[in-house]
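Below: the structure, in structure tokens.
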Amino acid sequence: MRTDSRLSRVLHVLLHMARHDGPMTSEHIARMLDTNPVVVRRTMAGLREAGYVRSGAGKHGGWTMACDLREVTLLDIHRAVGGPHLFAIGVDKANPDCAVEKVVNQALGDALQRAEAILIETLGNVVLADLAQRFDQLCVAGGWDEAARHADG
98 MRTDSRLSRV
108 LHVLLHMARH
118 DGPMTSEHIA
128 RMLDTNPVVV
138 RRTMAGLREA
148 GYVRSGAGKH
158 GGWTMACDLR
168 EVTLLDIHRA
178 VGGPHLFAIG
188 VDKANPDCAV
198 EKVVNQALGD
208 ALQRAEAILI
218 ETLGNVVLAD
228 LAQRFDQLCV
238 AGGWDEAARH
248 ADG
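See the structure below:
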């Protein structure tokens, strides 16, 4: 089964943007993510509507950060990009006639609700600044210079 990587890809972009001087074009971001600039613009539009990024047109235009990294959680970003349900597993029939299937659905439903609550709480407790700080620490520990830190960004 294919996973939805929108959240991780957008977080990747946002961290690079936070450490990048000046705007990043959709084309630049598309190369970084090995995707199409149209896909980038569609994804970034949700972030712009939520106030996390801004876009500028023209020769020196592109995407820039518009938020304080200390105030935006991973859950905020997940919601802004229109993230799907957090889990792809579920029940076969919502209202089954079979008593066994009802019991199975109840057990799965309860487990999924608990797991989703834990994941939502965790994503809501991590802000972009936490990731940026970890990124910076990793770069310092690895001895990476500024060019290497932004090799794909």
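In terms of the working numbering, the numbers along the sequence shown are unbroken and rise by one, the last being 250. Beta carbons are placed, not taken as given, at the ideal position from N, Cα and C, and that holds for glycine. Quick caveat, the model's predicted, so the values are computed rather than measured.
Distance between residue 187 and residue 209 (C-alpha atoms, nearest Å)
Counting from one through the sequence shown, the residue named residue 209 turns up at place 112. Counting from one through the sequence shown, the residue named residue 187 turns up at place 90. A straight line joining the alpha-carbon of residue 209 with that of residue 187 spans about 8 Å.
Between which two residues does the beta strand (DSSP E) containing residue 110 stretch?
In the sequence shown, counting from the first residue as 1, residue 110 sits at position 13. Annotation for residue 110: no beta strand (DSSP E) segment contains it, though the alpha helix (DSSP H) segment containing it runs 103-115.
Would you tell me roughly how many angstroms separate the C-alpha atoms of residue 205 and residue 196, rounded to the nearest one?
One-based indexing of the sequence shown puts residue 205 at position 108. One-based indexing of the sequence shown puts residue 196 at position 99. About 14 Å.
Pick out whichever of 168, 110 and 232 has its Cα sitting closest to the Cα of residue 223.
Taking the first residue of the sequence shown as 1, we reach residue 223 at position 126. The option with the nearest alpha carbon to residue 223 is 168.
Can you look up residue 231 in the DSSP assignment and give me helix, strand or coil?
Here residue 231 is taken as the residue at index 134 of the sequence shown, counted from 1. Helix.
Where do the N-terminal and C-terminal ends of the alpha helix (DSSP H) with residue 179 fall, by residue?
Walking along the sequence shown from the start, residue 179 turns up at place 82. Where residue 179 is concerned, there is no enclosing alpha helix (DSSP H), given that its DSSP letter is neither H nor E.
Please name the residue, chosen from 116, 173 and 120, that lies closest to residue 105 on a Cα-to-Cα basis.
Position 8 of the sequence shown, counting from 1, holds the residue named residue 105. Looking at 116, 173 and 120, the one whose alpha-carbon comes closest to that of residue 105 is 173.
Indicate the three-state DSSP secondary structure (helix, strand or coil) for residue 223 in the structure shown.
Position 126 of the sequence shown, counted from the first residue, corresponds to residue 223. Correct three-state label for residue 223: coil.
Between 146, 136, 144 and 158, which has its C-alpha nearest residue 119's C-alpha?
For the purposes of this step, residue 119 is taken as the residue at position 22 of the sequence shown. Taking only the C-alpha atoms, the option nearest residue 119 is 158.
C-beta contact flag for residue 171 and residue 220 at 8 Å:
Working through the sequence shown from its first residue, we reach residue 171 at position 74. Working through the sequence shown from its first residue, we reach residue 220 at position 123. In this structure, residue 171 sits near residue 220, with a CB-CB distance shorter than 8 Å.
Spatial neighbours of residue 115 within its chain, please: CB distance less than 8 Å, with the 5 preceding and 5 following residues excluded, ordered by chain position.
Numbered from its first residue, the sequence shown carries residue 115 at position 18. Closer than 8 Å at Cβ, skipping near neighbours: 162, 166, 225 and 229.
In DSSP terms, what residue 161 is bridged to:
Numbered from 1 along the sequence shown, position 64 holds the residue referred to as residue 161. Beta-bridge pairing links residue 161 to 151.
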